Structures are given as C-alpha cells and as structure tokens.
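Heads up: the sequence shown begins at 0 in numbering that gives the first Met the number 0, then just goes up one per residue. Beta carbons: idealized from backbone N, C-alpha and C, even for Gly. These figures come from a predicted structure and were not determined experimentally. What follows is a short report on a single structure.
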Amino acid sequence: MLKSPHPLPLKEISEKSGLSPSKIHSYLVSFLELNVVEQNKTTGFYSLGNYCLKLGLGYLDQVGLLSACKPVMEDLAHDLGHTVFLGVWGNRGPTIINRVDGAFSQTIFDLRIGSVLPLLSSALGKNFAAHLPETLVHPMLIEELEKKGASDDFPNDLAEIQNRLEKIKQHGVSKSRGGILSDYTAISAPIFDYSNTIIAGLTIMGRINRLDDRLDGNATKLLKKAAAKISISRGFIAS
0 MLKSPHPLPL KEISEKSGLS PSKIHSYLVS FLELNVVEQN KTTGFYSLGN
50 YCLKLGLGYL DQVGLLSACK PVMEDLAHDL GHTVFLGVWG NRGPTIINRV
100 DGAFSQTIFD LRIGSVLPLL SSALGKNFAA HLPETLVHPM LIEELEKKGA
150 SDDFPNDLAE IQNRLEKIKQ HGVSKSRGGI LSDYTAISAP IFDYSNTIIA
200 GLTIMGRINR LDDRLDGNAT KLLKKAAAKI SISRGFIAS
C-alpha cells in the first residue's frame, strides 16, 4: 500500500504480498482496529490509515523538518494574519502535516492535519506537480484531468498542464483561487533539501480579496523568503 498512490482491493494486496486472501483479510481486520489502514466504504479498497501518518510525522520531527518550519510558520501567520500550512508528499499525494492560524483565519477551514489535496486544484498540489519527477505525478495528473475540476481555471489537457507547471517553476510559487474552497485563495512555495529535491511545500491560504495573492505581492515575497529560509536549513544551496 505504501508504494501505491491509490487504495487497493484485497485481491491485489494478496497478489503483491504473496499471502493468501484469508490471511491478508485477518491482518487487515487488525490493522483497521489500530487505524494502520482504512477502508473505503464505497469500494471496499484499502489504503494506509492515520496511524501511519503519525509514524511519518514522528520521523519528520526527528529529522527536524517540523522543528525548522514551526517558528517560520508562526512568524508568517503573525505577519500576514492568514493560515499557513506545511505539506509533504504522502503515499496518496500532497498531505498537510502542520497548520498555524493567523488573526484572519476562519473556522470554516475544513483542511486539517492529514488532509490529502489534489494536484491540479490546490496550490500545494500544483507545487509538488511542478517539482516532482514527471513519472511520479503523471498517472495522478491523468486521473484528475479525466475527472475534471469544478474551477473555471481547470486545465483542458496535458499540454496546458505542462505549460502551467513550467510557469510555476519560473515564478517560484503556485497559486489556486477557489480550487479547494470557493471563497479562498492560496499560494504555495517549495521547500528543497541539500539535493535540490522538493521535500515539502509552504502554503498561505486566506479569503479572496483579503489575501494578496499577486505573484509580485507582499504575501508572495514573504512566503518565498520563508520557504527559502527553511530550505537553507535543510542544506539547500541556491544555484
């Protein structure tokens, strides 16, 4: 399940593990009780559960990512007054692992730690799609493209997606207006490690017309500066 970007049926888990369906089922029953896995009520398919996220968070904390990000996120939320999210690439895609609220943050936000976001309609998702290897994100892009998003700004084909991702690289940030919540806009900047690999995304989210989401605006400048500061702490050296 860790290697799959999608939930798996019991039969496929059995085939990939080399264990009988009955044995796999008994394991899954125990894992469900411990929240190690979760089961989709509609399809019956299985994916990793919240407990795995907690284990991952524990590891991330040990290596210092959360520790490095926390004060920077708090400063950013204080200076801008909006909600700041930290997201990493999880087994199901872009996953929120920390959140700091600002003075203007609203309880309407249903985005919480553990939420998995789409690639094409979230600022964090676009961020990862632009900087991760194409072989990793391509299947998910195809799937989202086939489903089509609700936003009027949703891309029409892979060529348009590629063009947008190149622009994200050029600007150093991604943006999404109304992609997740209709009245909200978000900006996301990448966090890189010593190997110039994206390891996380720092995202600001606020109400449209309250959060300045211009690519040359003050919020974007502060966000890029904050993300760069964290990247440097992870060993990144700008070329």
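{"Query": "With H, G and I counted as helix, E and B as strand and the rest as coil, what does DSSP make of P8?", "Result": "coil"}
{"Query": "If you reduce the DSSP assignment to three classes, tell me which class Q169 lands in.", "Result": "helix"}
{"Query": "What would DSSP say about N97, mapped onto helix, strand or coil?", "Result": "strand"}
{"Query": "Name the DSSP beta bridge partners of Y45, please?", "Result": "L7, Q38"}
{"Query": "Would you check if the distance between the CB atom of A76 and the CB atom of G101 is smaller than 8 Å?", "Result": "yes"}
{"Query": "Apart from the five residues just before and just after G171, which ones in its own chain have a Cβ nearer than 7 Å to its Cβ?", "Result": "A188, K223"}
{"Query": "Could you tell me which residues DSSP puts in a beta bridge with K174?", "Result": "I186"}
{"Query": "Taking only three categories from DSSP, how would you classify S55?", "Result": "Going by the sequence as given, residue 55 is Gly instead of Ser. In this structure, G55 counts as helix in the three-state DSSP scheme."}
{"Query": "How big is the Cα-Cα spacing for T41 and L221?", "Result": "43 Å"}
{"Query": "Taking the alpha carbon of R98 as the reference point, which residue from H130, A128, A129, V71 has its own alpha carbon closest?", "Result": "V71"}
{"Query": "Between N34, F191, E143, which has its C-alpha nearest G178's C-alpha?", "Result": "E143"}
{"Query": "Can you name the start and end residues of the beta strand (DSSP E) that F84 belongs to?", "Result": "82 to 89"}
{"Query": "DSSP on L110, reduced to helix/strand/coil?", "Result": "coil"}
{"Query": "Applying the criterion that 16 or more other CB atoms from any shown protein chain within 10 Å of the CB defines a buried residue, is R111 buried or exposed?", "Result": "exposed"}
{"Query": "Return the CA-CA distance between L116 and K22, expressed in angstroms with no decimal places.", "Result": "33 Å"}
{"Query": "Go through its chain and collect everything with a Cβ distance to K174's Cβ below 6 Å, but skip five positions before and after it.", "Result": "A122, I186, D212"}
{"Query": "Quick check on DSSP: helix, strand or coil for F30?", "Result": "helix"}
{"Query": "If we ignore side chains and look at the alpha-carbon of each, how far apart do P93 and N34 end up?", "Result": "20 Å"}
{"Query": "If you run the structure through DSSP and keep just helix, strand and coil, what is R163?", "Result": "helix"}
{"Query": "Along the chain, where does the alpha helix (DSSP H) that runs through L144 open and close?", "Result": "133 to 146"}
{"Query": "Considering only C-alpha positions, which residue in the set I141, K146, C51, A225 is nearest to D74?", "Result": "A225"}
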